[in-house]
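Enquirer:
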Amino acid sequence: MSILVAGGAGYIGSHMVKQLVESGEEVVVADNLSTGHKKAINPKAKFYYGDIRDRAFLDRIFVNEDITAVVHFAAFSIVPESMQEPLKYFDNNTGGMITLLEAMRDFKVKYIVFSSTAATYGIPETMPIKETDPQQPINPYGLSKLMMEKMMAWADEAYGIKFVALRYFNVAGAAADGTIGEDHGPETHLVPIIMQVAQGKRAELSIFGDDYNTPDGTNVRDYVHVMDLADAHILALKYLEAGNPSNAFNLGSSTGFSNKEMLEAAREVTGQEIPAKIAPRRPGDPDSLVAASDKAREVLNWQPKYDDVHDIIATAWQWHSTHPKGYDDRN
Ligand code: UFG
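Take the sequence shown: its letter number 98 is residue 98 in UniProt numbering, and every next letter is one higher.
(1) Can you find a heavy atom of the ligand UFG that lies under 7 Å from the Cβ of R221?
(2) Between the Cα of G252 and those of I193, S116, K44, spot the shortest distance and give me the residue it belongs to.
(3) Near V269, what residues of its chain come up, given a Cβ to Cβ distance below 7 Å and the 5 sequence neighbours on each side ignored?
(4) Can the beta-carbon of G173 be found closer than 8 Å to that of D222?
(5) Ignoring anything shorter than 4 residues, give me the alpha helix (DSSP H) runs that lie fully in the region 113-173, in order along the chain.
(6) Measuring straight from C-alpha to C-alpha, what distance separates L101 and M262?
(7) Which residue marks the beginning of the alpha helix (DSSP H) containing N64, and which one marks its end?
(8) Of all the options D177, A265, K150, which has the alpha carbon lying nearest to the alpha carbon of V191?
(9) DSSP three-state call for S253: helix, strand or coil?
(10) What are the complete beta strand (DSSP E) segments, minimum 3 residues, inside the region 189-267?
(11) Quick one: using the 10 Å Cβ neighbour count with 16 as the cut-off for buried, is K201 buried or exposed?
(12) Taking the straight line between their C-alpha atoms, what separation do you get for V79 and Y48?
(13) Spatial neighbours of K44 within its chain, please: C-beta separation below 6 Å, excluding the five flanking residues on both sides.
(14) Expressed to the nearest angstrom, what Euclidean distance is found between the alpha-carbon atoms of A69 and G217?
(15) Look up K325 in the DSSP assignment and say whether it is helix, strand or coil.
(16) Rounding to the nearest angstrom, what Cα-Cα distance links D59 and H184 in this structure?
(17) Does residue 376 pass the burial test, meaning 16 or more other C-beta atoms within 10 Å, or should it be called exposed?
(18) Should F117 be listed as close to the ligand UFG, given that the test is whether its C-beta is under 7 Å from any heavy atom?
(19) With a threshold of 8 Å, are at least 3 pairs of Cβ atoms found where one atom belongs to the region 197-214 and the other to the region 228-246?
(20) Rounding to the nearest angstrom, what Cα-Cα distance links N331 and A175 in this structure?
(21) Identify, in the order they occur along the chain, each residue of the same chain with its Cβ nearer than 6 Å to the Cβ of R267, setting aside the five sequence neighbours on each side.
(22) Given a threshold of 16 other Cβ atoms within 10 Å of its Cβ, counted over all protein chains shown, does K162 qualify as buried or as exposed?
(23) Express the C-alpha separation of S293 and residue 332 in angstroms, rounding to a whole number.
(24) With respect to 7 Å, is the separation between the Cβ of T188 and the closest non-hydrogen atom of the ligand UFG below this value?
(25) Nearer than 7 Å: is that true of the beta carbon of L100 relative to any heavy atom of the ligand UFG?
(26) Hey, could you find the ends of the alpha helix (DSSP H) residue 354 is sitting in?
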């Protein structure tokens, strides 16, 4: 019996694979390496190279392996890119989900844990955001993921495929043992970009906008550690295997940090100056995104271990300072 991790070579997927393998599970990874890294895949996992939109590829996995559940990370996730190339997001994210659910239906795989996102909420009416709040995304990325949530709900209705949608807020940090971490090419996320400035690989941080409706004018986000996120996925799998109904959970720390506060925290953690300037707003950024995550704590018994953003940044800094070229596997 194995768990299929689609997108297991990516940043969050690779941390999930590590956690699953270390908890004694058999893991099969499917990844097209479009953004992930082969070196990020735990050596104890079995790797299939291919694309989840390719039905023959999925069939090969489901025929060869005894898959009991799928954890689905295989999607694009860059908000500004989705504003410029929306169809790329609907094709890979939304389209990929159709093929995956069809294969799950045909091979009678009944459980899926899905990487959803805070971006499905759009501009929240109240803060912190609850799972029952309206989902009105303001960028194609968020919409592509909301469509995937809705597809799963109908696949549950029609075929009995049970799902948990985990709506991540801002994921950061790296495995505490320093073996794997965050390496996107090109990098767009705040924490790794700050790390690159601290390393001297970038001259300065551009803070995108300081005229938002927030206390210091910069965007406020809710940061959650990648290993805490992996724990939540394992709890979600157990929740489904125990026969519970499909559900959605926010995963965040319930505390918001502004971009300026993140910069300050990183200066403290790294001891580096980290030069920064204010730059124009980036399209598609809501003012603030902070999760109410008590539902995950109560229903899944999720107990995040990293409740201080300094500790999250410290694990990111450990990875970046020991892997200045990331996985170093690009041509
Ligand atoms: N930012 C900067 N400068 C940079 C990079 C980012 O100021 O060089 C700012 C952004 O404008 C934003 C904040 O830092 O205000 C966080 O930006 P990220 O790109 O790190 O993350 P996002 O909030 O855009 O998106 C992340 C995930 C999404 C998820 C979202 C939910 O990438 O998948 O969090 O909160 F939907």
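Glycine residues also receive a C-beta, built at the ideal position from the N, C-alpha and C atoms.
Expert: The relevant details are as follows:
(1) Within the sequence shown, the letter at position 221 stands for residue 221. R221: yes, Cβ under 7 Å from the ligand UFG.
(2) Indexing the sequence shown from 1 puts residue 252 at position 252. Answer by Cα proximity: S116.
(3) Here residue 269 refers to the residue found at position 269 when the sequence shown is read from its first residue. Once the five neighbours on either side are set aside, the close Cβ partners of V269 are H310, I313, A314, W317.
(4) In the sequence shown, residue 173 corresponds to position 173, counting from 1. In the sequence shown, residue 222 corresponds to position 222, counting from 1. Taking 8 Å as the Cβ cut-off, G173 and D222 do not qualify as a contacting pair.
(5) 140-159
(6) As a first step, residue 101 is located in the sequence shown; it is residue number 101 there, counting from the start. As a first step, residue 262 is located in the sequence shown; it is residue number 262 there, counting from the start. Rounded to whole angstroms, L101 to M262 spans 38 Å at the Cα level.
(7) Residue numbering aside, residue 64 sits at position 64 when the sequence shown is read from its first letter. 55-64 is the span of the alpha helix (DSSP H), which, as asked, contains N64.
(8) Here residue 191 is taken as the residue at index 191 of the sequence shown, counted from 1. Among D177, A265, K150, the Cα nearest to that of V191 belongs to A265.
(9) Along the sequence shown, read from residue 1 onward, the residue named residue 253 stands at position 253. Note: S253 maps to coil in three-state DSSP.
(10) 205-208, 223-225, 247-251
(11) The residue you call residue 201 lines up with position 201 of the sequence shown. Exposed, since its Cβ has fewer than 16 Cβ neighbours within 10 Å.
(12) For the purposes of this step, residue 79 is taken as the residue at position 79 of the sequence shown. For the purposes of this step, residue 48 is taken as the residue at position 48 of the sequence shown. C-alpha separation (whole angstroms): 28 Å.
(13) Stepping through the sequence shown from its first residue, residue 44 is reached at position 44. For K44, where only same-chain residues beyond five positions count, the Cβ hits under 6 Å are V21.
(14) Taking the first residue of the sequence shown as position 1, residue 69 is located at position 69. Taking the first residue of the sequence shown as position 1, residue 217 is located at position 217. One C-alpha to the other measures close to 43 Å.
(15) For the purposes of this step, residue 325 is taken as the residue at position 325 of the sequence shown. Reduced to three states, the DSSP call for K325 is coil.
(16) Reading the sequence shown from its first residue, position 59 is the one you call residue 59. Reading the sequence shown from its first residue, position 184 is the one you call residue 184. Approximately 29 Å between the Cα atoms of the pair.
(17) With the chain covering 1 to 331 only, the question about residue 376 has no answer from this structure.
(18) For the purposes of this step, residue 117 is identified with residue 117 of the sequence shown, where counting begins at 1. Per the sequence shown, residue 117 should be read as Thr rather than Phe. Result yes, Cβ under 7 Å from the ligand UFG.
(19) no
(20) Within the sequence shown, residue 331 is the residue found at index 331, counting from 1. Within the sequence shown, residue 175 is the residue found at index 175, counting from 1. Because the pLDDT at N331 is just 36, under 50, the model does not fix this residue reliably, and the value given afterwards should be weighed accordingly. Those two C-alpha atoms are separated by around 25 Å.
(21) As a position in the sequence shown, residue 267 is number 267, starting the count at 1. Excluding residues within five positions, the ones whose Cβ falls inside 6 Å are I274.
(22) Translated into positions along the sequence shown, residue 162 becomes position 162. Counting Cβ neighbours within 10 Å, K162 comes out buried, since at least 16 surround it.
(23) This structure does not reach residue 332, given that the chain is present from 1 up to 331, and the question cannot be answered.
(24) Residue mapping note: residue 188 aligns to position 188 of the sequence shown, counting from 1. T188: yes, Cβ under 7 Å from the ligand UFG.
(25) For the purposes of this step, residue 100 is identified with residue 100 of the sequence shown, where counting begins at 1. Checking the Cβ of L100 against the ligand UFG gives no.
(26) In this structure the chain extends from 1 to 331, so residue 354 is not present and cannot be described.
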